[in-house]
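Protein chains in written order, with our numbering: chain P, 1 to 213; chain R, 214 to 426. All residues carry an ideal CB built from backbone N, CA and C; glycine is no exception.
Number of protein chains: 2
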Amino acid sequence: MAKYPKIPEATIRRLSNYLKALLDLESKQEKVASSALIATICNVNAAQVRKDFAYFGEFGIRGMGYNVKELKFHIKEILGINRIWRIAVVGIGNLGSSLLMYKDFLKQNYKIVAAFDIDPVKVIGHISEQMGKPVEILHIDNLKEVVKARNIEIGIITTPPQEAQKVANLLVDANVKGILNFSPSPVRVAEHVKLRNVFFTAALDHLVYYMSN
Amino acid sequence: MAKYPKIPEATIRRLSNYLKALLDLESKQEKVASSALIATICNVNAAQVRKDFAYFGEFGIRGMGYNVKELKFHIKEILGINRIWRIAVVGIGNLGSSLLMYKDFLKQNYKIVAAFDIDPVKVIGHISEQMGKPVEILHIDNLKEVVKARNIEIGIITTPPQEAQKVANLLVDANVKGILNFSPSPVRVAEHVKLRNVFFTAALDHLVYYMSN
DNA sequence: TATTGTGAAGCCTTTCACAGCA
DNA sequence: TGCTGTGAAAGGCTTCACAATA
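Shown next, in the form of structure tokens:
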């Protein structure tokens, strides 16, 4: 815990972007990347890129740049995704089921190991019609025991807004350590649980503001 | 254009959150909200909330707080979502089809008026099995003409990563004014088109960092 | 030579604290 | 009285510019 000195929150956000850029460069067989290249891809200043890395160590080679694979490794380590995180998704509607199928999670060490709904039977119909079931859909009444049995640390909420807070409470009660709320209604939880309310429309709002102004 | 003085980017991000908080308060029949209440819901400082609004005008009543409906109206106006924005979604896989069904978009004046895929026939099967088709799925070859015919200003990319840049180019060529890229591969476009690369895993990365440190 | 790592400057953002006002 | 609106102070982040070095 508190492995690093105080890091700007903005730096953490950018690290996640740098990682995406590196994965992309890697898929294009690039071995080395300069701070200038990374900066261009991520729309930031090159000095910013170097400074962000410098909080955590010296990862580059002067005159050369950064080794893509190595840097990727370091960033994953910094973010804490150098190990698998076990996740439960609650609310298997459209968004929930698309998360269950989302390939990119596993690539980044996020593993969905349980899925819950109020009406698993109805839901199983949809999913298996669509593409075979990736994980069994369980009734939400079993949440607490399954979270414990499967060592789940993160809960993702994809229910309708009216249910979001209730589900958040259930997840806290089941001792998850972090919650990602994708429902459009912000939830609140006790201090010791990390929380992110993620609004789908936020990116559109942002885009539209800059399109209008 | 440039209706307002220079506004911090962070303010714009928060406005979008405030709006969500207000919609939530409204759905709970709250008529008035203080900066302190909004601050609590959105996890920011109350002075910050007031200052954010103050960039755009005086929306509150001293001693009282803010009228929820009125403030909601003002924020929508500031963000530019006081009118309908017509959107095309390209790539109707799991994520794409869940966006097509997403109720919250319409609530915030975002209207998906076209959907494109490389294989519309296959896709139509899925969607209509699932819940009737909300918009017709068209072949991507028709993108340019349909964007024009339907006055589409925004394109959302939900293709696999390998196709993302190609689709971005198509959208730019079709004269959309803004692009939201939900694919995990960052794309680049000409300056005059507004762009946001939105990574699904970013929120998880962020959450996990704070769970680990 | 090319590019990193970094002190220092400058800028921007947040927070404080209180005047202003319903 | 209670809460907004805001100038000023504090704090934090970004950018510059260049020394360090592969």
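Using a Cβ-Cβ cut-off of less than 7 Å, list which residues of the region 374-395 of chain R approach chain P; keep chain order.
-> Of all residues in the region 374-395 of chain R, only K390, G391 and L393 place a beta-carbon less than 7 Å from a beta-carbon of chain P.
If we cut at 8 Å on Cβ distances, does R:V402 have a partner in chain P?
-> Walking along the second sequence from the start, residue 402 of chain R turns up at place 189. No, R:V402 lies away from the interface with chain P (no Cβ there is under 8 Å from its Cβ).
Roughly how many angstroms separate the alpha carbons of P:K122 and R:A328, rounded to a whole number?
-> Counting from one through the first sequence, the residue named residue 122 of chain P turns up at place 122. Counting from one through the second sequence, the residue named residue 328 of chain R turns up at place 115. Note on geometry: alpha-carbon atoms of P:K122 and R:A328 lie some 27 Å from one another.
Is R:M214 helix, strand or coil by DSSP?
-> Locating residue 214 of chain R in the second sequence gives position 1, where the first residue counts as 1. Note on R:M214: pLDDT 44, under 50, position unreliable in the model; the coordinate value appears next. Three-state result, R:M214: coil.
Determine whether the Cβ of R:I294 lies closer than 8 Å to any Cβ atom of chain P.
-> By 1-based counting over the second sequence, the position of residue 294 of chain R is 81. R:I294 counts as touching chain P.
Could you tell me whether the region 154-168 of chain P touches the region 85-99 of chain P, using the rule of 3 or more Cβ pairs below 8 Å?
-> Taking 8 Å as the limit for Cβ pairs, the verdict is that the region 85-99 of chain P does touch the region 154-168 of chain P.
CB contact check: R:R226 to chain P, cutoff 8 Å = Position 13 of the second sequence, counting from 1, holds the residue named residue 226 of chain R. Closer than 8 Å: yes.
In three-state terms, what does DSSP make of R:G270?
-> Taking the first residue of the second sequence as position 1, residue 270 of chain R is located at position 57. DSSP places R:G270 in coil when its eight states are reduced to three.
Given 8 Å as the limit, is there contact between the region 101-114 of chain P and the region 42-57 of chain P, that is, 3 or more CB pairs closer than that?
-> Touching, no.
R:E283 versus P:Y66: straight-line alpha-carbon distance, rounded = Position 70 of the second sequence, counted from the start, is the residue given in the question as residue 283 of chain R. Position 66 of the first sequence, counted from the start, is the residue given in the question as residue 66 of chain P. Taking C-alpha positions only, R:E283 is separated from P:Y66 by approximately 51 Å.
If you follow the alpha helix (DSSP H) that R:R409 is part of, which residue opens it and which one closes it?
-> To locate residue 409 of chain R, count along the second sequence from 1; it is residue 196. Not the alpha helix (DSSP H): R:R409 falls in the beta strand (DSSP E), residues K407 to N410.
Which residues in the same chain have their Cβ closer than 7 Å to the Cβ of R:Y323, if we skip the five residues on either side of it in sequence?
-> By 1-based counting over the second sequence, the position of residue 323 of chain R is 110. Excluding sequence neighbours, R:Y323 sits near W298 and I300.
Please state if the CB of R:L250 and the CB of R:V281 are separated by a distance shorter than 8 Å.
-> On the second sequence, residue 281 of chain R is found 68 positions in, with the first residue counted as 1. On the second sequence, residue 250 of chain R is found 37 positions in, with the first residue counted as 1. For R:V281 and R:L250, no; Cβs fall outside 8 Å.
Taking any Cβ of chain P, which residues in the region 408-419 of chain R have a Cβ under 7 Å from it, in chain order?
-> For the region 408-419 of chain R, which is checked against every Cβ of chain P, the residues closer than 7 Å are R409, V411, F412, F413, T414, A415, A416, L417, D418 and H419.
Give the straight-line distance between the Cα atoms of P:L207 and R:G391, rounded to the nearest whole angstrom.
-> For the purposes of this step, residue 207 of chain P is taken as the residue at position 207 of the first sequence. For the purposes of this step, residue 391 of chain R is taken as the residue at position 178 of the second sequence. Taking the CA atoms as reference points, P:L207 sits about 7 Å from R:G391.
Under the three-state reduction of DSSP, which class applies to R:A246: helix, strand or coil?
-> The residue labelled residue 246 of chain R in the question sits at position 33 within the second sequence. R:A246 falls in the strand class under three-state DSSP.
How about R:G391: is its Cβ closer than 7 Å to a heavy atom in the ligand PLP?
-> The ligand PLP is not part of this structure, which contains no ligands at all.
Give the DSSP bridge partners of P:K148, in chain order.
-> As a first step, residue 148 of chain P is located in the first sequence; it is residue number 148 there, counting from the start. DSSP, once it has assigned bridges, lists no residue as partnering P:K148.
What are the residues of the region 247-267 of chain R that lie near chain P, defined by any Cβ-Cβ distance shorter than 9 Å?
-> Listed in sequence order: T253, I254, C255 and N256.
Excluding five sequence neighbours on each side, which residues of the same chain lie with their C-beta closer than 6 Å to the C-beta of R:H352?
-> In the second sequence, counting from the first residue as 1, residue 352 of chain R sits at position 139. When the five nearest sequence neighbours on each side are left out, the beta carbons in the same chain lying within less than 6 Å of the beta carbon of R:H352 are those of P333, in order along the chain.
List the DSSP bridge partners of R:N394.
-> As a working mapping, residue 394 of chain R is identified with position 181 in the second sequence. Answer is R:I370 and R:N410.
Could you check what DSSP says for R:R401 in three-state terms: helix, strand or coil?
-> As a working mapping, residue 401 of chain R is identified with position 188 in the second sequence. In the structure shown, R:R401 sits in coil (DSSP, three-state: anything other than H, G, I, E or B).
Given P:L170, which residues of its chain have a CB within under 6 Å of its CB, disregarding the five upstream and five downstream residues?
-> Residue 170 of chain P sits at position 170 when you count from the first residue of the first sequence. Once the five neighbours on either side are set aside, the close Cβ partners of P:L170 are L143.
Assigned exposure category for R:A362 - 16 Cβ within 10 Å defines buried = Against the second sequence, residue 362 of chain R aligns to sequence position 149. It counts as exposed.
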